[in-house]
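**Q** The structure's right below; bear with me while I get my questions together.
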């Protein structure tokens, strides 16, 4: 038994519990195992009727730091036991823990150190939400905790009102005593009231970005917490009561200036939770729900309602009008990545409204107005389509799905497309199955009211007839809406399901028109579940389940049920391919490369090209290659690809990167031409010549000056060894020599040639380049007369693939941008981007477009930050604007820069969407104002770019090649 120290504990952790004997020990031990040892656990039992008393007493006997308090009667909520715990606690700092959750191991110590260092009234940190059924971990409102900081009161950051949890904070006891803050009793959702008063009364609090609380989401409904019981109407009433009490707190603390922010929190968090569940509720439930919430909603600040998304406002209005079925349709995927449009819209007076009937009053006209979706202006890639499952027929070895697609903007009219049902994630498809889609006509009005039964389940049973039919979810489509219907058959024996695909897989509909694509989810009735006894995969590895779970309302998912069994033994070719793939580690590839180098001669006529680490046929290597082709040199070119062969011309020889064939080709090639750095495991042979073209001029710190190389000596050594392989380095000017070549420790030949990739930009007036620009505009469906913004930021080192480089608030920009613009977003290859719905009318995702030069040729202005694209774009002579809202942080504490952008930039540095929109509106004026600086910028960084760089490079690096 651990002995209790004589001193007072540093932290008291109050663990409240009720009828939770099974999980209480887990919660308490997560506290006892903290790295902070001088603490106490105060278990407060809300008069449990199970074995909680004996379990709690056993815990007190195991460790003297545990104390036990039992209330004489059950309070029915969390407020009373927490207050009792506060009264019993002895430490100068307090925390709260629910018995069904846990504390991360360093939570108490890290929060205490922060509180002592800052003097804050309380310190709060990140919350991990753990799904106990799947083990999946997500962060609760991670944007609130992204940065470590001290906040001078809630008015400095009113969005922190969204942190309405009591459990992810450590409290200074004196602050609680002086202010007299207590939890309200006899209600649920008391955290909301407590947190509101906490923020209103505190003048200084701190935030840390690491996890301090683990919120465990129970796998079974019977053990779900109060906050998860949103299907209970009493739960709704209690939350509204908590909101009313929060309003009183604002009045009592003279904080009514925060009412709009508090109301927005209620609408977009509290109410939003219930709206998202509406697809699982029947009309009667929705009607009673409206009776509870709408009277309170109608008291809220109108400015808070205006801050909601259009989809949320539509939902609220449909609930207000007791249009339950339509509200459920509007709530599908609410707040998710995809906006799900109405099945039909109605136009009146130049405006477009949700549904088939015109709004009945001015409030309804305001709330149901979906004109801003610009349904008819979307390109195919951004078309707001609604795909629904309307029929399912199953036999033992086959599933037939009936689908209906609603196209309220009529974007699909007149197109020739192919349709596919896609099972799997966005990066990997388990199956892609063709769908036959045809237009449909409107059915008789009498069919329009048919509804599918709630909780419908279909399951094939060998004792029953050969098929099960799921009734249609809705009746016929209303007139005036573009509609397609289709069928798709899933053959279970042909469906190869990977063994590692254990989680539910999304079921999507992919529409293709040439290279254009629209990918959106297939929607299904909530709770729909179908299990086939047919074998999935060629040897039978389980059964297929199609379902729309409670966690993903309406979206159809697929998963395999049952273990992989009876697997077919692979043939020799499959075994060989698997073996080679497993053996293709950097160490083994390096050994194989050295073996080939020692035994096989170099082929002087073989050139290995690689650009952007094998991700495309682009950059300087492309234009060197095309110059060699133009001269018909007889050299054989092989391009490496990173498993994306479709991004390369059909007539180019390819080798897949990081394979034994790739290592063989590198060992045999007489020339390497590369834009980044070939893998470090390959040491160049003495008779092989390596041309490093690099991939841009330099603003940010590069080479051995990069922070990661300065901080990690071993990494810097590897980089220096890789640079030592280069025989020649393309050098577009003296700045590049200083800021990159010398910073990288390069000692080889500098080719002062300019950049081959800029040749087409310098010659942008030629017919061939004009045609490339025209094809870009055609591909992205840019209407005639529209001007094009190319937005191309660089990535952030510590936030790769986070989307953080897309600093520009595109929805905000859409509200202030002049109407004659379209934006092409080119995310860096180390980041990600998806067009936010419904901005497809304005924004196109050009991140995967194969050639960035073509995007530049098609654009009228560049918006960038610290990307080297600025130097290339200057060859066009077109305007460059800089969106750099994080410039000081980037320059000083992130990557660092080689020169002050503000002193040399050929365009203005902008920091918010309004400034950018204003600059675009005054583009002619800005072009004139920055004319002299633009000319100086071009002379300094583009002086060698004259349209003939490719020829000079070939002359210098391939002297044996004649023109």
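Residue numbers (the numbering used here): 465 to 1427. For each residue, glycine too, the CB sits at the ideal point set by N, CA and C.
1) For residue 982, does the three-state DSSP call read helix, strand or coil?
2) Going residue by residue through the segment 632 to 688, where are the continuous beta strand (DSSP E) segments of at least 3 residues, counting only ones entirely within it?
3) Please classify residue 1090: does DSSP put it in a helix, a strand, or coil?
4) Under 7 Å, do residue 678 and residue 566 count as touching if we go by C-beta distance?
5) Assuming residue 668 and residue 610 are in contact, meaning their beta carbons sit under 8 Å apart, how far apart are those beta carbons, in whole angstroms?
6) Look at the alpha carbon of residue 902 and the alpha carbon of residue 980, and state the distance between them as a whole number of angstroms.
7) Would residue 946 and residue 867 qualify as a contact pair, given that the criterion is a beta-carbon distance under 7 Å?
8) Can the beta-carbon of residue 768 be found less than 7 Å from the beta-carbon of residue 782?
9) When you compare only the Cα positions, how much space is there between residue 1086 and residue 1019?
10) Quick check: the Cα distance between residue 1125 and residue 1141, rounded to an integer number of angstroms?
11) Counting only the same chain and skipping the five closest in sequence on each side, list residues whose C-beta sits under 7 Å from that of residue 1407.
12) Can you give the Cα-Cα distance for residue 923 and residue 877, rounded to whole angstroms?
13) I want to know whether the segment 948 to 965 touches the segment 890 to 900 - three or more CB-CB distances under 8 Å.
14) Can you give me the C-alpha to C-alpha distance between residue 537 and residue 527, rounded to a whole angstrom?
15) Measuring CB to CB, does residue 419 end up less than 7 Å from residue 1071?
16) Do residue 555 and residue 475 have their C-beta atoms closer together than 7 Å?
17) Helix, strand or coil: how does DSSP classify residue 479 here?
18) Comparing C-alpha positions only, which one of 504, 709 and 482 sits nearest to residue 515?
19) Identify whether residue 881 lies in helix, strand or coil by the three-state DSSP scheme.
20) How would you call residue 1368, buried or exposed, if buried means at least 16 neighbouring beta carbons within 10 angstroms?
21) Apart from the five residues just before and just after residue 504, which ones in its own chain have a Cβ nearer than 6 Å to its Cβ?
22) Once you ignore the five residues that flank residue 675 on each side, which residues in its own chain have a CB closer than 6 Å to its CB?
23) Residue 597 by DSSP, collapsed to three states: which one?
24) Give the straight-line distance between the Cα atoms of residue 762 and residue 784, rounded to the nearest whole angstrom.
25) Let me check one thing: in DSSP terms, what residues is residue 1117 bridge-paired to?
26) Given this structure, state the Cα-to-Cα distance separating residue 535 from residue 652, to the nearest angstrom.
27) Flag this pair as yes or no: are the beta carbons of residue 848 and residue 1302 separated by less than 7 Å?
28) Could you have a look at residue 1144 and say whether DSSP puts it in helix, strand or coil?
29) I need the DSSP call for residue 1213, collapsed to helix, strand or coil.
30) When DSSP labels each residue in this structure, what does residue 1230 get in the three-state scheme?
31) Look at the Cβ atom of residue 621, then the Cβ atom of residue 615, and state whether they are nearer than 7 Å.
32) Pick out whichever of 670, 632 and 575 has its Cα sitting closest to the Cα of residue 658.
33) Per DSSP, residue 810 is paired with what?
34) Which residues in the same chain have their Cβ closer than 8 Å to the Cβ of residue 933, if we skip the five residues on either side of it in sequence?
35) Take every Cβ of the segment 744 to 761, pair it with every Cβ of the segment 694 to 702, and state whether three or more of those distances are shorter than 8 Å.
36) Looking only at its own chain, which residues have a Cβ that is under 6 Å from the Cβ of residue 1131, when we skip the five neighbours before and after it?
**A** This is what the structure holds:
1) strand
2) 633 to 636 and 669 to 681
3) helix
4) yes
5) Residue 668 to residue 610, Cβ: 20 Å. No contact.
6) 19 Å
7) no
8) no
9) 43 Å
10) 18 Å
11) 1197
12) At residue 923, the pLDDT of 35 sits below 50, so the modelled position is not reliable and the matter cannot be decided from this model.
13) yes
14) 27 Å
15) Because the chain spans 465 through 1427 in this model, residue 419 falls outside it and cannot be assessed.
16) yes
17) strand
18) 482
19) coil
20) exposed
21) 473, 476 and 529
22) 568, 590 and 592
23) coil
24) 10 Å
25) 1102
26) 18 Å
27) yes
28) coil
29) strand
30) coil
31) yes
32) 632
33) 817
34) Any answer about residue 933 is weak, because its pLDDT of 38 lies below 50 and its placement is not dependable; what the coordinates show is given next. Closer than 8 Å at Cβ, skipping near neighbours: 855, 856, 857 and 922.
35) yes
36) 1057, 1060 and 1061
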